[in-house]
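Position 71, counted from 1, in the sequence shown is what the numbering used here calls 95; the numbers after and before it change by one each time, with no gaps. For glycine and all other residues, C-beta sits at the position ideal for the given N, C-alpha and C. Inspection log for the structure reproduced underneath, given as structure tokens.
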Amino acid sequence: MSDYRLQVIDLHKIYNNKTYAVRGISFNIKPGEIFGLIGPNGAGKTTTLRIIAGLLKPTRGKVLFEGANLVENIGIAKKNIGYLPEEAGVYSRLTGYEHLKLYAMLYEVGDVEKMIKYGAELSGLGDKLRKRAETYSKGMKRRLLLALVLMRKPALAILDEPTSGLDVYASVRVRHMIKKYVKETNSSVLLSSHNMLEVEYLCDRVAFIHQGKIFVEGTPEEIKDLYGADNLEEAFVKAVEETRG
């Protein structure tokens, strides 16, 4: 058994034999750790997340889950990894509770009601779960979607821009959900975000990615010290400017 929950080793993704989306990325994530993959648009973040989630095959490289090769055994990814894409949506005519019930049944677990109850608690939506999703605010929809991913307690949750487009209050609620989930389950989280405040609050370690390559990795404090920055946003801007020459 590996000491790491996830190991990404020399990962490459080339589209149409000429477009390089990912160029030799490597990083590790420990159990109970929140790891942030941060970069400009088009840097290769989402491609990397989709490969780890088992939705894309890499051109080259390895993705290991607790030592087992995910690329060669997609069933491991389906069983142990939860993925929330940035563009995920809800079924407008279903209630929140109906979403929870549908997903619990699709997960094919033994105790469906127990999973539904846990998902309801995670969402924090209370009585609003009895209302159709078309009545929900964007923040409520995102909390429901996050609960659907986390309710089966995946050992690794992959979250692509989990608070994208949300106001401050809704973003705080989602961040608290993520923190609480990791504390309760010792699961690992891999997330991407453009919100540096969010990254600094949530992440134990961060990697900056640009043009498909990771060029710096460390704790938020280590990265701020490296660039002589007061905050992670300032460090990120300095780091990207350096890579662009």
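I'd like to confirm the pairing. Which residues does DSSP put opposite His-36 in its beta bridges? Arg-47 and Arg-84
First through last residue of the alpha helix (DSSP H) which encompasses Arg-117: Taken as a continuous stretch (DSSP letters only), Arg-117 belongs to no alpha helix (DSSP H), as it is neither H nor E.
Minimum length 3: unbroken beta strand (DSSP E) runs contained in the stretch 52-105: 58-62 and 84-89
Once DSSP output is grouped into helix, strand and coil, what is the label at Glu-24? The shown model of the chain, from 25 to 269, leaves out residue 24, and the question about it has no answer.
List, from N- to C-terminal side, the alpha helix (DSSP H) runs of 4 residues or more that fit wholly inside the stretch 213-258. 220-226 and 244-250
Using a Cβ-Cβ cut-off of 7 Å (strictly less than) and excluding sequence neighbours within five positions of Lys-262, which residues of its own chain qualify? Tyr-251 and Ala-253
Strand pairing of Leu-30, partner residues [DSSP]: Ile-53 and Phe-89
Using the three-state DSSP reduction, which class does Ala-179 fall into: helix, strand or coil? coil
Does the beta-carbon of Arg-229, which I'm using as the reference point, lie nearer than 7 Å to any heavy atom of the ligand COA? Although the ligand COA was asked about, the structure shown includes no ligands whatsoever.
Under 8 Å by Cβ, that's how I've got Leu-168 and Leu-149 pegged, so tell me the actual separation to the nearest angstrom. 7 Å
Which residue marks the beginning of the alpha helix (DSSP H) containing Ala-144, and which one marks its end? 136-147
If you check the beta carbons only, do Leu-180 and Arg-74 fall under 8 Å apart? no
Residue range of the alpha helix (DSSP H) that includes Ala-194: 192-209
Closest Cα partner of Asn-93 within the set Ala-171, Pro-109, Ile-76 and Gly-106: Ile-76
Hey, quick one: how far does the alpha helix (DSSP H) through Leu-174 stretch, first residue to last? 162-174
Just grab the DSSP bridge partners of Ile-154 for me. Here residue 154 turns out to be Arg, not Ile, going by the sequence shown. Looking at the DSSP assignment, Arg-154 forms no beta bridge with any residue, so it has no partner.
Quick check on this structure: which residue in Glu-185, Leu-118 and Val-136 has the alpha carbon closest to the alpha carbon of Arg-156? Leu-118
For Cys-227, which residues of its own chain have a beta-carbon under 7 Å away from its beta-carbon, when the five flanking residues on both sides are left out? Ile-58, Phe-59, Gly-60 and Pro-244
Once DSSP output is grouped into helix, strand and coil, what is the label at Tyr-127? helix
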